[in-house]
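> There's a structure below that I have some questions on.
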Amino acid sequence: MRILLEHFSKSFGAVKVIEDMTLEIKDGEMLALLGPSGCGKSTTLFAICGIHRVTSGRILFGDRDVTNVPSQERNVGVVFQSYALYPHMTVADNIAFPLRIRKMPEAEVKRQVEEIAGLVHIEGLLGRRPAELSGGQQQRVALARALVRRPNVLLLDEPLANLDAKLRLEMRSEIRRIQLETGITAILVTHDQVEAMSMCDRIAIMNAGEIIQIATPQEMYRNPRTAFVAGFLGNPPIAFIEAEARDGSLAVKNADIRLPVPKNATVPPDGTPVIIGIRPESLGTEGDATIRGRVSFIETQGRENLYDITLENGSVLRSIQRVRDDIALDDVVEWKVRSDDIFLFAENGERL
Amino acid sequence: MIGHLRTWPIVLALTIVSAPLVLMYVFLFVDTISNAPAGSFIPNEFTLEHWSFLWETRPGRPSIWRVTLNSFLFATSTAALVLVISSMAGYVLSRLNVPGRTYFLAGVMVLHAFPAITLIVAIFLVLQVVGLYNTLIGVILVKAAIDMPLGIWLMKGFYDTVPWEIEMAGIQDGASRFTVWRKLVLPQVKPGIFALGLFAFLLGWGEFILPQVLAPSGNAQVLSVYLAGLIADDNNFDMNMFKSVGLFYMMPVLILFFVFQNRLMNIYGGGSKG
Amino acid sequence: MNASRDIAESARTPIGVRAAQSRLHLGWLSSSKGLGILFLLPAVVLVVLFFLMPVALTGVFAFTNMTTATGITGGAYQVSPGTLRVLTDRYGMGELAERLGQPTYVVDEQGLAALEEKGIDKNIIDSLRDGLLGKTYASRRELERDIRGLPDRPNTRTVKSISEEFSRSLANARFSSRESLIAAAEAIDPDLTDEEKEALAASTYTGWTWTTENFRRLASSPTTRQVLFNTLFFVAMTLVIFNTGYAMVLAIATHYIPDRPAGIFRIIWFLPRISPVVIYVLLWKWLAWDTGFLSAFLSNFGVRPRNWMLDTATNAWFFVIVINGFVGASMGMVIFASAIKAIPESLFHAASVDGAYRWQQIRHIILPQLKWPILFVTCYQTLSLLTSIDQTLLATNGGPGGATEVWSLWIYHTALNNYAGNLQYGMGAAMALVLVVIGIVLSLIYLRLFNYNALVAKPRIEL
């Protein structure tokens, strides 16, 4: 079902957390709300499921205005970070709870519980208590309980944060598989860009209560609208250096480095201070511009190495390259960057 | 943390200061089933004569069983009332959006510390006017009201430990706030409810001054008042018999305390207070 | 996969259908406010009935002279030799008292009307009116003589029944309202002044009245000073020696010994608290009475047996403080012990490495940690000791000779139980009011001591 937030605002007392946000989640889509903690993504989630009241604006499920509809009648499935399984009930009772609340006949409850247990692969665990399950299993139970009543929308609040690294990888694809199989509209709240990029159709990136950009993961990575977005996506992260527009090219501050203005950017007038962003994978052996610096740190990652290059003005760039034996710490190197891979931002962070 | 210092001097010192207490409680047992020659405390014969109050009702006094039943009714009813009222009110204070909630909470804290016994004169007169003087119901209501602030306070503490997410999940699952409380939250605080119920029962069982003032005689008499009456009666002075009644009276307390001592000690020590 | 297709399909069903089927009947139970008010209601009712109302009523009763004799609900107006004496002594209206106390006969319209009702001959009534109306007689004989002297000469029986109707004496009469009392008095003496009426009503009233007398008596009585001193002495000694001092010793001592003996000692020191108070005090009596343990034990050394508890005032105080203190110590013990337990073990280890001796550990690590618990216990126990009554009542009952009478016990003896049998409710309420005021002040301080705002986190579900 399509979900629409229209001019949604939320304040707690005098503190405005979200101001005038408009966001559409398309039917059957999985959208990530990505942002640092405190950016308002959980608040948005709580507003959609009705735990928080909306200060102003509207929330629509399909064409139905649910702004003032109580939580219980919105039929939203939520998977909490802590899973919030009911500790005193068995897995089967946990999953059956929403159905029993709706006074569904017991035989039908049993059938549906088994069905959904099959979908999330927990058929063998139905008789156990939540305390007897591993984190990943609890996660699956929480998913089953959220899905069993066929919600209008599935909300996932940092669902992977409490899992160890290996399980996280597994559940990432599991959640996506289940979402795709059911075709349910889903919203994933996360602060982890890898989760957002790997699981979702689109990402809405938030900062300080505002949505900065909404795009597919690919588009957002390639074409960040602000320095904040560019900095948030990618691991290892993008590096920024300060520069100034001069004679149609970019002069890095306090360093004898000149970079051309990328073709997709507008050429700023001379003397404009700018911020240049260079992703680690863009800096290496190929390109039309040269950057000179000293190798100040080498991090071995196995397949690749991550090199820190300190420029003469003290700024640090990162480069990720295949393992090279010809480079040692403190070597002075001249590496290339393709001018089209450079991101150019104004001082306030806006993309130029 | 105990380190290398010797501990036996401490144990010895504690044993000496604890001796009078131990002595008193040991002789509470010993004296009920034995007789000792005059002027001595070393028993020289075994007897059950001190327990005759169980099958012989003394003239002018109610039957021990009637009084025991009253004590039981008194203690269970106050415990039940305290439990029901504080498990509801504690939940409101912990979780629900009610206007004036913070003021009520402050009020509960003040009442919790406030010595209700100072109000006993007014309560005594009110019960006389409304006709509840010398009835079990009257004194049960008063006792429940006096224990209630602590109950609410403890229950609020128990509810505070239940994760919010469980309630949120329940609401998303379509349950009303009432159902969430009844089916999801209440089961989480069961141990707390049990401990509070036990505690309130023991408080009621041991209560003396309220029944003494508000329901002193006749059909409403409870064990504490009965025993105090026996002791105050100068004409029938029989320490061993007093002790037997006392032991009979104290038996449930001892059993409950030894079985559940850890839970109870926490509450007696103020529970989650402060 | 079957399930998934099912879910996928239903997720795409038109909204109208879904909304209808997921509509639940929740009503007011689902709203936080509705449920909250319902859930608070019983607690609020009890608070109002047994806290707020009694506080208010204590304030009200404190300004009355209510006793067993006056009753709690209203009274009547009783003229008796006693009340007439009050009229004489307190109001200096001896002359009026004498007049009202005398048997008096007055021939008035009221009496004549009563005769008509009785069916007395119209002629006799007329001649009574013409001849005797307005006359007053000090005795029945004089009146009857005059009646016989009337022209119609009624027979003796009629004379008796006529004279009866003119009797206007107040002696030993009881009136349910002030109006009927005044009316009767005016029948005897129509010229009563307002002041005299007031005095008459006040002195004959048997119910309670408003007064500030209680507080005047409290302020001027030497007993007040004595009891006040007793109370402060009792609270201070018990609090310092046992509830904090000894409790701390117990907590620290049990901290330094292995768990098993520590647990046993804690249980022993818990016995006084869990024992019903009647039994607990009984055990002390067994220890202290003249045929009790102490006497029997000490008689081996030639000490005269005696009731050690009530022997002297000093002994009585000793026992009262110890009996109360042993109960109070356990609360402090548990609180202090858990505070000590909360100290990170590494602190102790660090201290041992530094070569700190045990008492230095206590001084520099444990005691600073106990600052807040001590404040808490002091505050809480001050209140409960101020109003503690059970143990002292059962142990010494304020004796010997009022030496251990503390404030709360004094209230009990004044208003709830005394030998004279006339319970002074009003006076007791005035005494209680003093404690109520202290109680409110102290518990507000107690409230301030705690981080109250942290306790009232806002509900996270805004429904």
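Protein chains in written order, with the UniProt record's numbering: chain A, 1 to 352; chain B, 1 to 274; chain C, 1 to 463.
Every residue, glycine too, gets a C-beta built ideally from N, C-alpha and C.
#1: Among A:Val109, A:Arg102 and A:Gly127, which residue has its Cα nearest to the Cα of Pro87 (chain A)?
#2: In chain A, which residues lie with their C-beta within 7 angstroms of the C-beta of Ala169 (chain B)?
#3: Given that a residue counts as buried once 16 or more other Cβ atoms are within 10 Å of its Cβ, and exposed if not, what is Leu133 (chain C)?
#4: Report the partner residues of Gly277 (chain A) according to the DSSP bridge assignment.
#5: Please report whether the beta-carbon of Val71 (chain A) lies at a distance below 7 angstroms from any beta-carbon of chain B.
#6: Judging by CA-CA distance, which residue of A:Ser282, A:Glu286 and A:Ala251 is the nearest neighbour of Gly271 (chain A)?
#7: Which residues in the same chain as Tyr446 (chain C) place their Cβ atom closer than 6 angstroms to its Cβ, once the five residues preceding and following it in sequence are excluded?
#8: Taking all protein chains shown into account, decide if Pro149 (chain B) is buried (16 or more other Cβ within 10 angstroms of its Cβ) or exposed.
#9: So does the segment 47–62 of chain A actually touch the segment 2–9 of chain A, counting three or more Cβ pairs closer than 8 angstroms?
#10: What residue range does the alpha helix (DSSP H) around Lys341 (chain C) cover?
#11: Looking only at DSSP bridge pairs, what is Pro99 (chain B) linked to?
#12: Using 10 angstroms around the beta-carbon of Glu158 (chain A), count the other beta-carbons present and answer buried if the total reaches 16, otherwise exposed.
#13: Quick one: which residues of the segment 27–54 of chain A get their C-beta closer than 9 angstroms to a C-beta of chain C? List them in chain order.
#14: Note down, in chain order, each residue of its chain lying with its Cβ closer than 6 angstroms to the Cβ of Val222 (chain B), except the 5 sequence neighbours on either side.
#15: Compile a chain-ordered list of the residues in the segment 328–355 of chain C whose CB is closer than 7 angstroms to at least one CB of chain A.
#16: Shorter than 7 angstroms from the beta carbon of Phe12 (chain A) to some beta carbon of chain B?
#17: Which residues mark the beginning and the end of the alpha helix (DSSP H) in which Thr231 (chain C) is found?
#18: Take Phe80 (chain A) and list the residues in its own chain whose beta-carbon comes closer than 6 angstroms to its own, dropping the five residues that flank it on each side.
#19: Going by the beta-carbon positions, is the gap between Val110 (chain B) and Ser384 (chain C) smaller than 7 angstroms?
#20: Please name the residue in B:Ile85, B:Leu264, B:Asp147 and B:Leu254 whose C-alpha comes closest to that of Ser275 (chain C).
#21: With a floor of 4 residues, list each alpha helix (DSSP H) that falls wholly inside the segment 132–204 of chain B, ordered by position along the chain.
#22: Once the 5 residues before and after Ser9 (chain A) are set aside, which same chain residues still bring their CB inside 8 angstroms of it?
#23: Find out if the Cβ-Cβ distance for the pair Ala215 (chain B), Arg263 (chain B) is shorter than 7 angstroms.
#24: Which of helix, strand or coil does DSSP assign to Ile182 (chain C)?
#25: Helix, strand or coil for Met30 (chain A), going by three-state DSSP, please let me know.
#26: So Thr32 (chain B) contacts chain C; which residues on that side make the cut at Cβ distance below 7 angstroms?
#27: At least one CB of chain A closer than 7 angstroms to the CB of Gln128 (chain B): is that the case?
#28: Using a Cβ distance threshold of 8 angstroms, determine whether the segment 151–170 of chain B contacts the segment 118–126 of chain B, with at least three qualifying pairs required.
#29: Could you give the first and the last residue of the continuous beta strand (DSSP E) run that contains Lys243 (chain B)?
#30: Identify the contact partners of Ile209 (chain B) in chain C, using a Cβ-Cβ distance below 9 angstroms as the criterion.
#31: Among C:Ala329, C:Asn214, C:Ile264 and C:Ala395, which one has its Cα closest to the Cα of Gly59 (chain C)?
#32: Taking the C-alpha atoms as reference points, what is the distance between Ser80 (chain C) and Gln381 (chain C)?
#33: Hey, out of B:Gly100, B:Leu203 and B:Met88, whose CA is closest to residue 277 (chain B)'s CA?
#34: Please name the residue in A:Thr182, A:Ala161 and A:Gly209 whose C-alpha comes closest to that of Ala196 (chain A).
#35: Taking C-beta to C-beta, are Leu125 (chain A) and Val78 (chain A) nearer than 7 angstroms?
#36: Mind reading off the beta-carbon distance from Ser388 (chain C) to Asn324 (chain C)? Whole number of angstroms is fine, and I expect it under 8 angstroms.
Taking the geometry as given:
#1: Ranked by Cα distance from Pro87 (chain A), the first of A:Val109, A:Arg102 and A:Gly127 is A:Gly127.
#2: Taking a Cβ-Cβ threshold of 7 angstroms, the residues of chain A close to Ala169 (chain B) are Val78, Phe80 and Ala84, in chain order.
#3: Leu133 (chain C) should be labelled exposed.
#4: The partner list for Gly277 (chain A) (beta bridge, DSSP) reads A:Phe240 and A:Phe343.
#5: Residue identity differs from the one stated: residue 71 (chain A) is Ser in this sequence, not Val. Chain B contact via Cβ: present.
#6: Selected option, being the one with the closest Cα: A:Ala251.
#7: Beyond the five residues adjoining it in sequence on each side, Tyr446 (chain C) comes within less than 6 angstroms, by CB distance, of Cys379 in the same chain, given in chain order.
#8: With 16 or more Cβ atoms within 10 Å of its Cβ, Pro149 (chain B) is classed as buried.
#9: Put simply, the segment 47–62 of chain A touches the segment 2–9 of chain A. At least three CB pairs are less than 8 angstroms apart.
#10: Counting along the chain, Lys341 (chain C) sits inside the alpha helix (DSSP H) bounded by residues Ala313 to Lys341.
#11: For Pro99 (chain B), which the question treats as bridged, DSSP gives no partner whatsoever.
#12: The residue is buried, with at least 16 neighbouring Cβ atoms inside 10 Å.
#13: So the close ones are Asp27, Gly28, Phe46, Gly50, Ile51, His52 and Arg53.
#14: If the five residues before and after Val222 (chain B) are omitted, its C-beta is found closer than 6 angstroms to the C-beta atoms of Asn70, Ser71, Phe74 and Pro211, all from its own chain and listed in chain order.
#15: Within the segment 328–355 of chain C, no residue has a Cβ lying closer than 7 angstroms to any Cβ of chain A.
#16: Judged by the 7 angstroms Cβ criterion, Phe12 (chain A) is not in contact with chain B.
#17: Looking at the DSSP string, the run of the alpha helix (DSSP H) that includes Thr231 (chain C) is Pro222 to Met237.
#18: Closer than 6 angstroms at the Cβ level, and outside the excluded window around Phe80 (chain A), lie Asp157.
#19: Contact: no.
#20: Looking at the Cα atoms, B:Leu254 is the closest of the given residues.
#21: Listed in chain order, the complete alpha helix (DSSP H) runs (minimum 4 residues) inside the segment 132–204 of chain B are 136–160 and 164–172.
#22: For Ser9 (chain A), where only same-chain residues beyond five positions count, the Cβ hits under 8 angstroms are Lys16, Ile18, Glu19, Asp20, Met21, Val54, Thr55, Ser56 and Gly57.
#23: It is not a contact, given that the beta carbons lie outside the stated cut-off.
#24: Ile182 (chain C): helix per DSSP, three-state reduction.
#25: In the three-state reduction of the DSSP assignment, Met30 (chain A) falls in the strand class.
#26: Under the 7 angstroms cutoff, chain C gives no residues; its nearest Cβ is about 12 angstroms from Thr32 (chain B).
#27: No, Gln128 (chain B) does not count as interfacial toward chain A.
#28: Result no; under three Cβ-Cβ pairs closer than 8 angstroms.
#29: Where Lys243 (chain B) is concerned, there is no enclosing beta strand (DSSP E), although the alpha helix (DSSP H) it sits in stretches over Met239 to Val259.
#30: Near Ile209 (chain B) (Cβ distances below 9 angstroms), the residues of chain C are Val277, Ile389, Asp390, Leu393 and Tyr412.
#31: For Gly59 (chain C), the closest of C:Ala329, C:Asn214, C:Ile264 and C:Ala395 by C-alpha to C-alpha distance is C:Asn214.
#32: Using only the alpha carbons, I get a separation of about 52 angstroms.
#33: Any property of residue 277 (chain B) remains undetermined from this structure, which presents chain B solely from 1 to 274.
#34: For the options A:Thr182, A:Ala161 and A:Gly209, the alpha carbon positioned closest to that of Ala196 (chain A) is the one of A:Ala161.
#35: Contact flag unset, no.
#36: A Cβ-Cβ separation of about 6 angstroms places Ser388 (chain C) in contact with Asn324 (chain C) under the 8 angstroms criterion.
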